[in-house]
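Engineer: Okay, here's the structure, questions in a sec.
2 protein chains.
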Amino acid sequence: MASHECVQLVPIFNDLATNQLDTIESIVRHHHYPAGSTIFSASDALDTLMIVASGQVKVYQLAANGREQLLYLLQTGDIDGEAALFENQQRTSFGEALVPTEVCSIRREDFQNLMRQYPSISINVLNVFGKRLSQLERQTTRATTESVEARLANYLIETAAALKTDTFKLPLKKKDLATFLGTTPESISRKLALFEQQALITQKPGKIIQINDADQLLLTE
Amino acid sequence: MASHECVQLVPIFNDLATNQLDTIESIVRHHHYPAGSTIFSASDALDTLMIVASGQVKVYQLAANGREQLLYLLQTGDIDGEAALFENQQRTSFGEALVPTEVCSIRREDFQNLMRQYPSISINVLNVFGKRLSQLERQTTRATTESVEARLANYLIETAAALKTDTFKLPLKKKDLATFLGTTPESISRKLALFEQQALITQKPGKIIQINDADQLLLTE
DNA sequence: CGCGACTTTGAATAGCCTCAAGACATGTGG
DNA sequence: CCACATGTCTTGAGGCTATTCAAAGTCGCG
Numbered sequence: 002m003a004s005h006e007c008v009q010l011v012p013i014f015n016d017l018a019t020n021q022l023d024t025i026e027s028i029v030r031h032h033h034y035p036a037g038s039t040i041f042s043a044s045d046a047l048d049t050l051m052i053v054a055s056g057q058v059k060v061y062q063l064a065a066n067g068r069e070q071l072l073y074l075l076q077t078g079d080i081d082g083e084a085a086l087f088e089n090q091q092r093t094s095f096g097e098a099l100v101p102t103e104v105c106s107i108r109r110e111d112f113q114n115l116m117r118q119y120p121s122i123s124i125n126v127l128n129v130f131g132k133r134l135s136q137l138e139r140q141t142t143r144a145t146t147e148s149v150e151a152r153l154a155n156y157l158i159e160t161a162a163a164l165k166t167d168t169f170k171l172p173l174k175k176k177d178l179a180t181f182l183g184t185t186p187e188s189i190s191r192k193l194a195l196f197e198q199q200a201l202i203t204q205k206p207g208k209i210i211q212i213n214d215a216d217q218l219l220l221t222e
Numbered sequence: 002m003a004s005h006e007c008v009q010l011v012p013i014f015n016d017l018a019t020n021q022l023d024t025i026e027s028i029v030r031h032h033h034y035p036a037g038s039t040i041f042s043a044s045d046a047l048d049t050l051m052i053v054a055s056g057q058v059k060v061y062q063l064a065a066n067g068r069e070q071l072l073y074l075l076q077t078g079d080i081d082g083e084a085a086l087f088e089n090q091q092r093t094s095f096g097e098a099l100v101p102t103e104v105c106s107i108r109r110e111d112f113q114n115l116m117r118q119y120p121s122i123s124i125n126v127l128n129v130f131g132k133r134l135s136q137l138e139r140q141t142t143r144a145t146t147e148s149v150e151a152r153l154a155n156y157l158i159e160t161a162a163a164l165k166t167d168t169f170k171l172p173l174k175k176k177d178l179a180t181f182l183g184t185t186p187e188s189i190s191r192k193l194a195l196f197e198q199q200a201l202i203t204q205k206p207g208k209i210i211q212i213n214d215a216d217q218l219l220l221t222e
């Protein structure tokens, strides 16, 4: 793995010079997780900041009844663990590598020192927090006020927008997509079939989705 | 209104000395909102930090289908607007005073200066963010994985815990409570009647709820 | 190529929402 | 201080969406 691999990837270190990145890189630890392995669990101590260098991590919670809720899908450059960088807390969620994944971590104490040294970092972290909060607020609103159909339509539109293409491969298994959207794999199958029947999308083998009529899809209630 | 009224209330200014609080108080603006009035709307510019000095503010979003989702209930000492203290953004939610409410505000620019001057503030803000994120994550998980019955039971338990008493008055109209829990006023009525029938709670006139069996209530699925 | 995991499809059910009407409370003006 | 008006809450009946359970079909990995 190249030096800088993690540190360069992360927006929160954006404003720093190369030699400063070197400093940070030297206090970072590298980890590898095979597909399907657990990276952290609820009730683990939360005392490191985690950076995804490559791969894909699903972050989820378990409800009292055992059902799973997918909260975030972390990709290259995403971070997690910022929630308690200054307070002793326990994790409340689980992290699982969906594919082989490289992770770098910084201990809480080291990160606090970094923030004292480079104030721009704390401002960047605040911005990351802010975006995540806004995103979660929207997700909560949708989950509780809109139908499964509307939520799925929205997800397809947003995924296409993020990837800047009309044709893309679903980045998740239907099972995981279901827990993300707060529904079941069966319902997703049915709704996708419905969209296809309405000619709004085309499904191709390999979880490939092609969006034919984004405007109409957005009108789904 | 006394000086310091707002500034003293807010945990993010906890670590500052009295004369520093004076400085901050001098750059704060005071506002009064009658019950039922709108404090801010979605698409408003988000360029001030808001502190609730007294009263109660409901913060909600509107979904595409017009349905309302209550995200937060701000009480004395709570803040809002931190989400975009460093980036130009628009609001995505609405704020409405439920009772006569006093609010103080600090302009983004002034707050940025404060943070540069007193680094402890940014650390406190990060902690506030972290807690709000954790809370929203739990709320999202519950909203999408648990039944209306379980969500209501949980809400009652948590409210009782927060107020440190078994008997309390519901702080919201059923309509607002419904949008908070992602359900309808009718369903809340029915579930409360069910809990009472099971002797888990007792309802008294004036939205007073008495919890008789918290343990059993928590087991509601 | 075969096995296990994922996905699709079907039928039945359950939980929740909608709509509507009546009861209650709350606060206002006379 | 009472009477009334308005908004809020409760209760009932009906319908619909989404879940559950089960079984067959498909994909992809070793």
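Chain order of the listed sequences is A and B.
With the working numbering applied, the first sequence corresponds to residues 2 to 222, in that order.
With the working numbering applied, the second sequence corresponds to residues 2 to 222, in that order.
C-beta atoms are modelled at their ideal positions from N, C-alpha and C, and glycine is treated no differently.
Pairs of beta-carbons, one from the region 210-217 of chain B and one from the region 160-168 of chain B, closer than 8 Å: are there three or more?
Structural biologist: Touching, per the Cβ criterion.
Engineer: Over what stretch of residues does the beta strand (DSSP E) that includes Q70/B continue unbroken?
Structural biologist: The residue given as residue 70/B occupies position 69 in the second sequence. Here the beta strand (DSSP E) through Q70/B covers 69-75.
Engineer: For the putative contact between D167/A and R108/A, defined by C-beta atoms under 8 Å, what is the C-beta separation to the nearest angstrom?
Structural biologist: The residue labelled residue 167/A in the question sits at position 166 within the first sequence. The residue labelled residue 108/A in the question sits at position 107 within the first sequence. Not confirmed; about 44 Å, so no contact.
Engineer: Name the chain B residues that come within less than 9 Å of N114/A, Cβ to Cβ?
Structural biologist: Translated into positions along the first sequence, residue 114/A becomes position 113. Here the premise fails: no neighbours, minimum Cβ distance about 13 Å.
Engineer: Show which residues of chain A have a CB atom less than 7 Å away from the CB atom of R133/B.
Structural biologist: The residue labelled residue 133/B in the question sits at position 132 within the second sequence. Per Cβ cutoff of 7 Å: L134.
Engineer: Work out the CA separation of T184/B and G183/A for me, nearest whole Å.
Structural biologist: Residue mapping note: residue 183/A aligns to position 182 of the first sequence, counting from 1. Residue mapping note: residue 184/B aligns to position 183 of the second sequence, counting from 1. Going by the C-alpha atoms only, they are around 15 Å apart.
Engineer: V29/B and V8/B: beta carbons closer than 8 Å?
Structural biologist: Walking along the second sequence from the start, residue 29/B turns up at place 28. Walking along the second sequence from the start, residue 8/B turns up at place 7. Going by C-beta atoms, V29/B is nearer than 8 Å to V8/B.
Engineer: By the three-class DSSP mapping on this structure, what secondary structure does R92/B have?
Structural biologist: Within the second sequence, numbered from 1, the residue matching residue 92/B stands at position 91. If DSSP states are grouped into helix, strand and coil, R92/B belongs with coil.
Engineer: Does DSSP classify A235/A as helix, strand or coil?
Structural biologist: Since the first and last residues shown for chain A are 2 and 222, residue 235/A lies out of range.
Engineer: Between S38/B and the rest of its own chain, which residues show a CB-CB distance below 6 Å, the 5 nearest in sequence each way excluded?
Structural biologist: Here residue 38/B is taken as the residue at index 37 of the second sequence, counted from 1. Closer than 6 Å at Cβ, skipping near neighbours: A98.
Engineer: Verify the CB distance criterion: does S4/A have a CB-CB separation below 8 Å to chain B?
Structural biologist: Taking the first residue of the first sequence as position 1, residue 4/A is located at position 3. For S4/A, the predicted model reports a pLDDT of 47, less than 50, meaning its position is unreliable; a value from the coordinates is still stated below. Answer no: the Cβ-Cβ gap between S4/A and chain B never drops below 8 Å.
Engineer: Report the rounded CA-to-CA distance for L10/B versus A54/B, giving the unit in angstroms.
Structural biologist: Numbered from its first residue, the second sequence carries residue 10/B at position 9. Numbered from its first residue, the second sequence carries residue 54/B at position 53. Approximately 7 Å, taken between the alpha carbons.
Engineer: Under 8 Å, Cβ to Cβ, is there at least one residue of chain A near F130/B?
Structural biologist: As a working mapping, residue 130/B is identified with position 129 in the second sequence. Yes, its Cβ sits closer than 8 Å to a Cβ of chain A.
Engineer: Less than 8 Å between the beta carbons of F41/A and I25/A, yes or no?
Structural biologist: As a working note, residue 41/A is residue 40 in the first sequence. As a working note, residue 25/A is residue 24 in the first sequence. Cβ distance not < 8 Å, so F41/A and I25/A don't count as in contact.
Engineer: Which chain A residues are close to T185/B, counting only those with a beta carbon under 7 Å from its beta carbon?
Structural biologist: Here the question's residue 185/B lines up with position 184 in the second sequence. Residues of chain A passing the Cβ test: none, with the nearest at roughly 11 Å.
Engineer: Nearest by alpha-carbon distance to A43/A: which of Q21/A, R117/A, A64/A, F95/A is it?
Structural biologist: Within the first sequence, residue 43/A is the residue found at index 42, counting from 1. Out of Q21/A, R117/A, A64/A, F95/A, F95/A has the C-alpha closest to the C-alpha of A43/A.
Engineer: Hey, quick one: how far does the alpha helix (DSSP H) through V29/B stretch, first residue to last?
Structural biologist: Here residue 29/B refers to the residue found at position 28 of the second sequence. That residue, V29/B, is in no alpha helix (DSSP H); it is neither H nor E in DSSP.
Engineer: Please list, in chain order, all residues of the same chain as L220/B whose beta carbon is under 7 Å from its beta carbon, the five residues on each side excluded.
Structural biologist: Sequence index remark: in the second sequence, residue 220/B carries index 219 (1-based). Nothing listed; no residue qualifies.
Engineer: Check this for me: beta carbons of N66/A and T142/B, under 8 Å apart or not?
Structural biologist: The residue you call residue 66/A lines up with position 65 of the first sequence. The residue you call residue 142/B lines up with position 141 of the second sequence. Cβ atoms of N66/A and T142/B: not closer than 8 Å.
Engineer: Please name the residue or residues paired with V129/A in a DSSP beta bridge.
Structural biologist: Taking the first residue of the first sequence as 1, we reach residue 129/A at position 128. BP columns for V129/A are empty, so no partner.
Engineer: Is the Cβ of T146/A closer than 8 Å to any Cβ of chain B?
Structural biologist: Along the first sequence, read from residue 1 onward, the residue named residue 146/A stands at position 145. Answer yes: the Cβ-Cβ gap between T146/A and chain B drops below 8 Å somewhere.
Engineer: Looking only at its chain, what residues have a beta carbon closer than 6 Å to the beta carbon of A179/A, apart from the 5 residues adjacent to it on each side?
Structural biologist: Against the first sequence, residue 179/A aligns to sequence position 178. Here the set comprises T185, P186, I189.
Engineer: Can you tell which of E83/A, K170/A, R152/A, E6/A has the C-alpha that lies nearest to the C-alpha of K208/A?
Structural biologist: One-based indexing of the first sequence puts residue 208/A at position 207. Comparing Cα positions, the closest option is K170/A.
Engineer: Identify, in the order they occur along the chain, each residue of the same chain with its Cβ nearer than 7 Å to the Cβ of N155/B, setting aside the five sequence neighbours on each side.
Structural biologist: On the second sequence, residue 155/B is found 154 positions in, with the first residue counted as 1. Once the five neighbours on either side are set aside, the close Cβ partners of N155/B are R143.
Engineer: Taking only the alpha-carbon atoms, compute the straight-line gap between P120/A and E110/A and give it to the nearest angstrom.
Structural biologist: For the purposes of this step, residue 120/A is identified with residue 119 of the first sequence, where counting begins at 1. For the purposes of this step, residue 110/A is identified with residue 109 of the first sequence, where counting begins at 1. In a straight line, the C-alpha of P120/A is about 15 Å away from that of E110/A.
Engineer: Based on Cα-Cα distance, which residue from D23/A, Q136/A, Q76/A, L71/A lies nearest to T102/A?
Structural biologist: The residue you call residue 102/A lines up with position 101 of the first sequence. Selected option, being the one with the closest Cα: Q76/A.
Engineer: Taking 8 Å as the limit between beta carbons, can you name the residues of its chain near G78/B, skipping five residues before and five after?
Structural biologist: One-based indexing of the second sequence puts residue 78/B at position 77. Contacts found: L10, V11, P12, I52, V53.
Engineer: How about R109/A: is its C-beta nearer than 8 Å to some C-beta of chain B?
Structural biologist: As a first step, residue 109/A is located in the first sequence; it is residue number 108 there, counting from the start. So no, R109/A is outside the interface.
Engineer: So, under 8 Å CB-CB, L72/B and V60/B are touching, yes? Tell me the CB distance rounded to an integer number of Å.
Structural biologist: Residue numbering aside, residue 72/B sits at position 71 when the second sequence is read from its first letter. Residue numbering aside, residue 60/B sits at position 59 when the second sequence is read from its first letter. That pair is a contact at about 5 Å.
Engineer: List the residues of chain A that Q140/B touches, going by C-beta distances under 7 Å, in chain order.
Structural biologist: In the second sequence, the residue the question calls residue 140/B occupies position 139. The answer, in chain order, is T141.
Engineer: Can a CB atom of chain A be found closer than 8 Å to the CB of A46/B?
Structural biologist: As a working mapping, residue 46/B is identified with position 45 in the second sequence. A46/B does not count as touching chain A.
Engineer: Would you tell me roughly how many angstroms separate the C-alpha atoms of Q118/A and P35/B, rounded to the nearest one?
Structural biologist: If you number the first sequence from 1, residue 118/A lands on position 117. If you number the second sequence from 1, residue 35/B lands on position 34. Using only the alpha carbons, I get a separation of about 45 Å.
Engineer: According to DSSP, which residues form a beta bridge with F112/B?
Structural biologist: Translated into the one-based positions of the second sequence, residue 112/B becomes position 111. DSSP, once it has assigned bridges, lists no residue as partnering F112/B.
Engineer: CB-CB under 8 Å to P172/B, same chain, minus the five flanking residues each way: which ones, in chain order?
Structural biologist: To locate residue 172/B, count along the second sequence from 1; it is residue 171. Excluding sequence neighbours, P172/B sits near Q57, L74, T160.
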